[in-house]
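In my numbering, the protein residues as written are 19 to 299. One structure below.
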């Protein structure tokens with residue numbers, strides 16, 4: 019390999035002058051990643067080649083603050099665009115191997131024949147420590163972003179699972195659909211009681227027409243939710259209770275009418291509400 023070297027040239031200048039050869043050797047090392055370079059560029063606007071040179075510069079110049087900040091940016095980008103961590107690890111390790119190869123060339127070109135073992139181990143520790151710091155910070159940033167994303171998605175799912183629909187400023191409808199387990203019922207309880215307090219809901223219609231079956235523990239929790247609604251000063255109205263659920267309540271000895279007003283359907287409850295409201299006016 020024909021490498022350019024000028025007498026007294028420092029390591030950074032040597033790597034900069036032989037940039038093209040460094041890239042060629044790096045791509046030979048990163049066998050799997052080199053086929054994905056253009057794809058990664060298109061997906062996340064991430065230029066792996068430029069970023070490799072940037073990482074090498076921070077490592078060689080021992081710029082720790084810049085290296086950590088860069089690693090955080092990279093971690094967020096790879097997490098945001100769901101890029102494969104295996105490629106990132108292979109790429110950084112290829113950069114490590116290539117950098118050491120060029121450091122060896124640099125040493126030979128300087129005719130450094132003193133074979134100072136202590137100097138070598140000092141350099142080895144500096145270079146590898148910095149690359150390891152980059153990887154550690156990258157993975158921490160990646161994981162943190164992923165955790166925040168999962169948390170925000172969980173909150174979104176929770177909000178979608180408790181779709182409180184305002185009908186008037188004083189009345190809301192909560193249509194419950196699908197499978198209701200104890201965990202979801204707890205979410206419903208927290209969301210309903212919080213919204214009643216914040217929005218000052220006076221009437222809450224819980225429509226159960228979308229639920230065909232409830233476990234005993236869920237039925238019991240539902241009764242507690244209804245009691246909580248009443249305690250908060252809101253009038254609970256239950257609509258659309260299906261025969262299967264009614265039988266379950268009968269078997270459990272629950273008298274729903276003592277807990278809340280019941281209506282056959284949501285349409286009936288809304289109709290009765292607006293008729294009552296217009297009569298009162």
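Backbone N, C-alpha and C fix where the C-beta goes; we use that ideal spot for every residue, glycine too. Predicted model only: the values in this text are computed from it and were never measured.
Going by alpha carbons, who is nearest to residue i out of the options?
i: residue 276; options: 283, 284, 267; result: 267
i: residue 49; options: 166, 282, 108, 253; result: 108
i: residue 99; options: 216, 260, 63; result: 63
i: residue 230; options: 198, 219, 254, 213; result: 198
i: residue 129; options: 203, 43, 23, 264; result: 23
i: residue 200; options: 218, 118, 232; result: 232
i: residue 228; options: 208, 260, 221; result: 260
i: residue 81; options: 246, 256, 139, 149; result: 149
i: residue 65; options: 211, 41, 288, 196; result: 41
i: residue 242; options: 217, 216, 208; result: 208
i: residue 271; options: 293, 21, 289, 238; result: 238
i: residue 226; options: 215, 255, 205; result: 255
i: residue 84; options: 155, 252, 137, 123; result: 155
i: residue 180; options: 167, 206, 216; result: 206
i: residue 164; options: 28, 97, 203; result: 97
i: residue 203; options: 46, 236, 273; result: 236
i: residue 31; options: 86, 124, 147, 46; result: 124
i: residue 51; options: 20, 112, 90; result: 112
i: residue 158; options: 269, 147, 86; result: 86
i: residue 5; options: 250, 246, 73, 88; result: Missing from the structure shown is residue 5; the chain here goes from 19 to 299 and no further.
i: residue 127; options: 213, 137, 28, 194; result: 28
So what's residue i in DSSP terms, helix, strand or just coil?
i: residue 225; result: strand
i: residue 108; result: helix
i: residue 49; result: coil
i: residue 288; result: helix
i: residue 256; result: strand
i: residue 189; result: strand
i: residue 214; result: helix
i: residue 205; result: helix
i: residue 151; result: helix
i: residue 113; result: helix
i: residue 280; result: strand
i: residue 261; result: helix
i: residue 21; result: coil
i: residue 274; result: helix
i: residue 64; result: coil
i: residue 182; result: coil
i: residue 293; result: helix
i: residue 195; result: strand
i: residue 128; result: coil
i: residue 29; result: helix
i: residue 83; result: helix
i: residue 219; result: coil
i: residue 36; result: coil
How should residue i be labelled, buried or exposed, when 16 other C-beta atoms within 10 angstroms of its C-beta is the threshold for buried?
i: residue 258; result: buried
i: residue 282; result: exposed
i: residue 58; result: buried
i: residue 93; result: buried
i: residue 334; result: Residue 334 lies beyond the stretch modelled for the chain, which goes from 19 to 299, so this question has no answer here.
i: residue 142; result: exposed
i: residue 292; result: exposed
i: residue 166; result: exposed
i: residue 116; result: buried
i: residue 161; result: exposed
i: residue 170; result: exposed
i: residue 289; result: exposed
i: residue 20; result: exposed
When the Cα atoms are used, what is the spatial distance from residue i to residue j?
i: residue 248; j: residue 262; result: 25 Å
i: residue 139; j: residue 114; result: 16 Å
i: residue 75; j: residue 151; result: 14 Å
i: residue 183; j: residue 244; result: 17 Å
i: residue 144; j: residue 78; result: 9 Å
i: residue 25; j: residue 39; result: 19 Å
i: residue 279; j: residue 196; result: 23 Å
i: residue 185; j: residue 215; result: 17 Å
i: residue 67; j: residue 121; result: 19 Å
i: residue 101; j: residue 250; result: 48 Å
i: residue 61; j: residue 55; result: 10 Å
i: residue 273; j: residue 286; result: 21 Å
i: residue 53; j: residue 118; result: 23 Å
i: residue 36; j: residue 71; result: 11 Å
i: residue 88; j: residue 47; result: 23 Å
Taking 8 Å as the cut-off, is the C-beta of residue i nearer than that to any heavy atom in the ligand MG?
i: residue 49; result: Only the bare structure without any ligand can be found here, which leaves the ligand MG out of the picture.
Is the segment 182 to 197 in contact with the segment 209 to 223, if contact means three or more CB pairs nearer than 8 Å? yes
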